[in-house]
């Protein structure tokens, strides 16, 4: 919307939900307009966003969504489907051919998965003699452009090797790094927006003041809005930016999610208001994460860490630790495990991140420190809980989780075994809050 205002053009968005009609049902009576509420420590400000032209619900009519994606007017298909939506194996990055949605989509012309829709629509465009669209991943995955290209080509190979070759050659998959904290909208947020604006919005978006979007400038026939006109960094290599964000922001977000939740903190701002957890996160940055990174051009990683802490402390953003803890089996390989692996290659240990992995293991056992149940949301939740149920000791539990090859490679499992077992025993004996203090005393 802002790019159109600055530089013109007739760009618009046709949105799609691959699962639920909830957002469509909320936005349709509003003509797909919604409020973006910026929530900062100094107050709120709102903006009405009116760039969405339609919102399709894929399960209701898969053929309609495929027809829209196959239309020559569609130049970019962007993805915000979270890590699990790529139907990949996090340990290797390849397409999971045993994923139920992929099994279905290979056998049926009406897809369920984002990957199935992409390939079927690209196949239709090729058959019609049209150019492909650009696939723009906006999810928190390392090398997200290369990853989505790999799973799309893997899927296409199963259907038609010639199609796979055409996609690999003609389609474009720019990498991106998107950074803005946007908590899930709650009922109280809807009421808050109504008080501020004077009108009812059934689906507002609450966000922090900070925003950063870095995009690899690699589009099919260079068909794109003028993103740079509104501050998007168009670059030739996104990798340093995405690695910085994945490890420094997402990695410590996950750390606070698991340790914070177990320690009784419901939000990130509450967790970092605690001196022990605040110090623990700062030590993660200083001792374990930053040494694995090359700073992007023009970026001071120490200043970036300070900026992140200020964002975490923003009391106007109520980002739930439970929300961030979702889908850890899909997130932790790139957010935490890759840092541990790179540090080991440099000859350094990561005791704090080993404690984070132990906290995740405690969390997915589905029982908290007080013996209360945890509603674990994860594609592997049932299997992960079974490890806790069947294990006869804490060491057996830890080692059985490390044997889950969808998450841990053989070498990573062996590397983690001593440190994570030690950390898990500390968690059991001391609890999450005391353990964080013992690992990095103030």
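Numbering (our numbering), first residue to last: 1411 to 1852. Even glycine gets a Cβ: it sits at the ideal position worked out from N, Cα and C.
*On the premise that residue 1557 lies in contact with residue 1503, defined as a C-beta separation below 8 Å, what is that separation, rounded to the nearest angstrom?*
Here residue 1503 is taken as the residue at index 93 of the chain shown, counted from 1. Here residue 1557 is taken as the residue at index 147 of the chain shown, counted from 1. Yes, residue 1503 and residue 1557 are in contact; Cβ-Cβ is about 6 Å, under 8 Å.
*For the candidate residues 1560, 1817 and 1577, whose alpha-carbon lies nearest to that of residue 1740?*
Counting from 1 along the chain shown, the entry for residue 1740 is found at position 330. Ranking 1560, 1817 and 1577 by Cα distance to residue 1740 puts 1817 first.
*asked:* Quick check: the Cα distance between residue 1778 and residue 1784, rounded to an integer number of angstroms?
replied: The residue labelled residue 1778 in the question sits at position 368 within the chain shown. The residue labelled residue 1784 in the question sits at position 374 within the chain shown. One C-alpha to the other measures close to 6 Å.
*Considering only residues of the same chain and omitting the five flanking positions on each side of residue 1586, which have a CB-CB separation below 8 Å?*
As a working note, residue 1586 is residue 176 in the chain shown. Answer for residue 1586: 1546, 1547, 1548, 1554, 1555, 1623, 1624, 1625, 1626, 1648 and 1652, listed in chain order.
_residue 1453: first and last residue of the uninterrupted beta strand (DSSP E) it sits in_ = By 1-based counting over the chain shown, the position of residue 1453 is 43. Following the DSSP letters along the chain, one finds residue 1453 inside the beta strand (DSSP E) bounded by residues 1453-1459.
_DSSP-derived helix/strand/coil call for residue 1581_ = As a position in the chain shown, residue 1581 is number 171, starting the count at 1. Three-state DSSP puts residue 1581 in coil, outside helix and strand.
*asked:* Measuring only the C-alpha atoms, how far is residue 1606 from residue 1761?
replied: Numbered from 1 along the chain shown, position 196 holds the residue referred to as residue 1606. Numbered from 1 along the chain shown, position 351 holds the residue referred to as residue 1761. Roughly 46 Å separates the two Cα atoms.
*Pairwise C-alpha distance: residue 1515 and residue 1470*: Taking the chain shown and counting its residues from 1, one reaches residue 1470 at position 60. Taking the chain shown and counting its residues from 1, one reaches residue 1515 at position 105. In a straight line, the C-alpha of residue 1470 is about 16 Å away from that of residue 1515.
*So residue 1591 and residue 1727 are in contact, right, with Cβ under 8 Å, and what is the actual spacing, rounded?*
Residue numbering aside, residue 1591 sits at position 181 when the chain shown is read from its first letter. Residue numbering aside, residue 1727 sits at position 317 when the chain shown is read from its first letter. Contact between residue 1591 and residue 1727 is confirmed by a C-beta separation of about 6 Å, below the 8 Å threshold.
*Looking only at C-alpha atoms, which of 1581, 1584, 1439 and 1613 sits nearest to residue 1595?*
Reading the chain shown from its first residue, position 185 is the one you call residue 1595. Selected option, being the one with the closest Cα: 1613.
*Going by the beta-carbon positions, is the gap between residue 1678 and residue 1749 smaller than 8 Å?*
Locating residue 1678 in the chain shown gives position 268, counting from the first residue. Locating residue 1749 in the chain shown gives position 339, counting from the first residue. The answer is no: Cβ separation not under 8 Å.
*State the CB to CB distance for the pair residue 1819 and residue 1501, rounded to an integer number of angstroms; the pair is presumed to be in contact (CB under 8 Å).*
As a position in the chain shown, residue 1819 is number 409, starting the count at 1. As a position in the chain shown, residue 1501 is number 91, starting the count at 1. Indeed, because the Cβ distance is near 5 Å, the residues count as touching under 8 Å.
*Could you give the residue range of the beta strand (DSSP E) that holds residue 1447?*
The count along the chain shown starts at 1 and reaches residue 1447 at position 37. In the DSSP annotation of this structure, the continuous segment of the beta strand (DSSP E) that includes residue 1447 starts and ends at 1444-1450.
*For residue 1622, the residue or residues it bridges with in DSSP*: Within the chain shown, residue 1622 is the residue found at index 212, counting from 1. Per DSSP, 1589.
*From the DSSP output, in three-state form, read off residue 1631 for me.*
Taking the first residue of the chain shown as 1, we reach residue 1631 at position 221. DSSP places residue 1631 in helix when its eight states are reduced to three.
_residue 1830 and residue 1768 - do their beta-carbons sit closer together than 8 Å?_
For the purposes of this step, residue 1768 is identified with residue 358 of the chain shown, where counting begins at 1. For the purposes of this step, residue 1830 is identified with residue 420 of the chain shown, where counting begins at 1. Closer than 8 Å, so yes.
*Give, in chain order, every unbroken run of the beta strand (DSSP E) that is at least 3 residues long and sits entirely within the segment 1633-1706.*
Taken in chain order, the complete beta strand (DSSP E) segments of 3 residues or longer contained in the segment 1633-1706 are 1643-1645.
*Could you give the distance in angstroms between the alpha-carbon of residue 1539 and the alpha-carbon of residue 1813?*
The sequence position of residue 1539 within the chain shown is 129, counting from 1. The sequence position of residue 1813 within the chain shown is 403, counting from 1. Going from the Cα of residue 1539 to the Cα of residue 1813 covers about 47 Å.
*Which residue's Cα is closest to the Cα of residue 1572: 1529, 1589 and 1680?*
For the purposes of this step, residue 1572 is taken as the residue at position 162 of the chain shown. Of the listed residues, the one whose Cα sits closest to residue 1572 is 1529.
*Go through its chain and collect everything with a Cβ distance to residue 1521's Cβ below 7 Å, but skip five positions before and after it.*
Position 111 of the chain shown holds residue 1521. Result list for residue 1521: 1472, 1515, 1527 and 1530, in chain order.
*Can you give the Cα-Cα distance for residue 1416 and residue 1691, rounded to whole angstroms?*
Counting from 1 along the chain shown, the entry for residue 1416 is found at position 6. Counting from 1 along the chain shown, the entry for residue 1691 is found at position 281. Their backbone Cα atoms lie some 39 Å apart in a straight line.
*Could you say which of 1849, 1764, 1837 and 1795 lies nearest to residue 1825 if we only look at CA atoms?*
Your numbering for residue 1825 matches position 415 in the chain shown. Residue 1764 is the option with its Cα nearest to residue 1825.
*Pairing CB atoms from the segment 1791-1805 with CB atoms from the segment 1691-1702, are three or more of them under 8 Å?*
They do not touch, by the three-pair rule.
*Quick one: give me the first and last residue of the alpha helix (DSSP H) that residue 1435 is part of.*
For the purposes of this step, residue 1435 is taken as the residue at position 25 of the chain shown. DSSP places residue 1435 inside the alpha helix (DSSP H), whose first and last residues are 1432-1437.
*Anyone know if the C-beta pair for residue 1631 and residue 1541 falls short of 8 Å?*
Mapped onto the chain shown, residue 1631 falls at position 221. Mapped onto the chain shown, residue 1541 falls at position 131. One thing to note: residue 1631 has its Cβ within 8 Å of the Cβ of residue 1541.
*Going by DSSP, name the residue or residues bridged to residue 1548.*
Residue 1548 sits at position 138 when you count from the first residue of the chain shown. None, per the DSSP bridge assignment.
_Which residues does DSSP list as the beta-bridge partners of residue 1497?_
In the chain shown, the residue the question calls residue 1497 occupies position 87. Residue 1497 is not bridged to any residue.
*asked:* Is it buried or exposed, residue 1661, if we count other Cβ atoms within 10 angstroms and call 16 or more buried?
replied: Locating residue 1661 in the chain shown gives position 251, counting from the first residue. The residue in question, residue 1661, is buried, as its Cβ has 16 or more Cβ neighbours within 10 Å.
*asked:* Going residue by residue through the segment 1820-1844, where are the continuous alpha helix (DSSP H) segments of at least 4 residues, counting only ones entirely within it?
replied: Restricted to the segment 1820-1844, the alpha helix (DSSP H) segments that are unbroken, complete and at least 4 residues in length are 1820-1840, listed in chain order.
_Continuous alpha helix (DSSP H) assignments of at least 4 residues falling wholly in the segment 1510-1581_ = For the segment 1510-1581, whole alpha helix (DSSP H) runs of length 4 or above, ordered along the chain, are 1510-1517, 1524-1537, 1554-1569 and 1571-1580.
*asked:* Give me, in chain order, the residues of the same chain whose beta-carbon lies closer than 6 Å to that of residue 1615; leave out the 5 immediate sequence neighbours on both sides.
replied: Taking the chain shown and counting its residues from 1, the one referred to as residue 1615 is at position 205. Only 1446 meet the Cβ criterion.
*What does a CB cutoff of less than 8 Å around residue 1509 pick up in its chain, not counting 5 residues either side in sequence?*
Counted from its first residue, the chain shown places residue 1509 at position 99. Hits under 8 Å: 1497 and 1523.
*Spell out a yes or no on whether the segment 1456-1468 and the segment 1707-1715 are touching, meaning 3 or more CB-CB pairs, one atom from each, closer than 8 Å.*
With a cut-off of 8 Å on Cβ pairs, the segment 1456-1468 is not in contact with the segment 1707-1715, counting fewer than three such pairs.
*Proximity below 8 Å, CB of residue 1723 to CB of residue 1682*: Here residue 1723 corresponds to residue number 313 of the chain shown, with the count starting at 1. Here residue 1682 corresponds to residue number 272 of the chain shown, with the count starting at 1. Result yes, Cβ atoms of residue 1723 and residue 1682 sit closer than 8 Å.
*Between 1449, 1537 and 1441, which lies nearest to residue 1425 when the distance is taken from Cα to Cα?*
Locating residue 1425 in the chain shown gives position 15, where the first residue counts as 1. Of 1449, 1537 and 1441, the residue nearest in Cα terms is 1441.
*Give the single residue among 1449, 1666, 1433 and 1452 whose Cα lies nearest to the Cα of residue 1462.*
Here residue 1462 corresponds to residue number 52 of the chain shown, with the count starting at 1. Looking only at 1449, 1666, 1433 and 1452, the smallest Cα-Cα distance to residue 1462 is reached by 1433.
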